[in-house]
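Remarks on the structure that follows.
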């Protein structure tokens, strides 16, 4: 069910939420957090809501969407409440702010926050320079950005390094979970030689490739080359050099990769590029600081950036 409240106030929105709960029990009370989505008033709103609805099936929450519209317009707040089948396992409140109100997102959000529940802020695109200093970010226990969705992903990642505060995270980091698990599992198998160096190859504008290289450099304390690859998408390969032979994971198509290591047959591994909804669900599982992400950001300065590698030089099983 979708209820439109044009030219309204946050007080009226809150009153409507209470009315829905009291009359039909349509709005459940078992919410574990408030997810605040900060975005523009465009097509990105529906994409973000869909991802949040999917994630809410694992994390029931109140979703507040702050969509800033034209700042040249007259001051106006248009609200929309979605419950039931239109809101997954959550309740969705969409606030479209126009004119001077477009810069007052935090003031509009505060009256709608669930009492005594954690607050998570998510910027699907166009994150602020310093999320923790943003008015909505300052209200939040966790702040989720996505460097890959920015106009210049690598520059956005450098901003994350400078602005990091406990509670910050980025979906470019979350997309690495499968790669990190696969590499860690490969190193658990014999022979247990020390890794002496590594090379990570990926698209030039892939922040996840940079983060994977920085993670290896930080936790293995080895030199790591970050090589650009024209084909992509995202991460194409990771090679760990050991005296007994290299451990290689190659994923040329963004879906299925191959794992090669000494004494083992070449194995096909699932490395499907993760959807935003899956990454968001993973990040909502924790509200504590991500120390590994913090250390990885600090390790970005330790990677060696190499020249572009020809597309034909990376093949499955090579």
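In my numbering, the protein residues as written are 628 to 945.
Note that beta-carbon positions come from the ideal geometry of N, C-alpha and C, so glycine has one too.
| Query | Result |
| --- | --- |
| Local conformation of residue 788 per DSSP, three classes | helix |
| Candidates 901, 711, 720 and 852, of which the one nearest residue 662 by Cα | 720 |
| Stretch pair the stretch 818 to 834 + the stretch 894 to 902: three plus CB contacts closer than 8 Å | no |
| Whole-angstrom C-beta distance between residue 874 and residue 888, which should lie under 8 Å | 5 Å |
| Contact set for residue 867: own chain, Cβ-Cβ below 6 Å, skip 5 residues either direction | 822, 825 and 874 |
| For residue 855: DSSP bridge partner residues | 829 |
| Limits of the unbroken alpha helix (DSSP H) element including residue 583 | With the chain covering 628 to 945 only, the question about residue 583 has no answer from this structure. |
| Simplified DSSP assignment, three categories, for residue 823 | coil |
| Residue 851 and residue 788 closer than 9 Å at C-beta | no |
| Buried versus exposed, by CB contacts within 10 Å (16 or more), residue 767 | buried |
| Bridge partner(s) assigned by DSSP for residue 886 | 876 and 894 |
| 7 Å CB neighbourhood of residue 946 in its chain, flanking five on each side removed | Absent from the model: residue 946. The displayed extent of the chain is 628 to 945, so no value can be given. |
| Residue nearest to residue 714 in terms of C-alpha spacing, selected from 729, 671, 692 and 696 | 692 |
| Nearest to residue 747 (by Cα), restricted to the options 920, 796 and 880 | 796 |
| Contact test: residue 869 Cβ vs the ligand FAD heavy atom, cutoff 8 Å | By its list of ligands, the structure shown contains no ligand whatsoever, and the ligand FAD lies outside what it can speak to. |
| DSSP state of residue 881 mapped onto helix, strand, coil | coil |
| Test item: CB-CB of residue 755 and residue 764 under 9 Å | yes |
| Close-in-space but distant-in-sequence residues of the same chain around residue 761 (CB under 7 Å, 5 per side omitted) | 755 |
| Length of the line joining the Cα atoms of residue 778 and residue 834 | 12 Å |
| Three-way DSSP call (helix, strand, coil) for residue 645 in this model | helix |
| Own chain, CB closer than 7 Å to residue 881, minus 5 neighbours either side, in chain order | 860, 861 and 900 |
| Opposing strand residues paired with residue 868 [DSSP bridges] | 824 |
| Which listed residue (928, 916 and 923) has its alpha carbon closest to that of residue 771 | 916 |
| Exposure label - residue 641; buried when at least 16 CB within 10 Å | exposed |
| Residues near residue 682 in its chain [Cβ-Cβ closer than 7 Å; skip 5 each side] | 904, 907, 908 and 911 |
| CA-to-CA distance, residue 892 to residue 838, given in whole angstroms | 28 Å |
| Close Cβ partners of residue 914 (< 7 Å) along its chain, the five nearest in sequence each way excluded | 745, 768 and 769 |
| Nearest neighbour of residue 790, chosen from 924, 757 and 669 [CA to CA] | 757 |
| Simplified DSSP state of residue 750, which is helix, strand or coil | coil |
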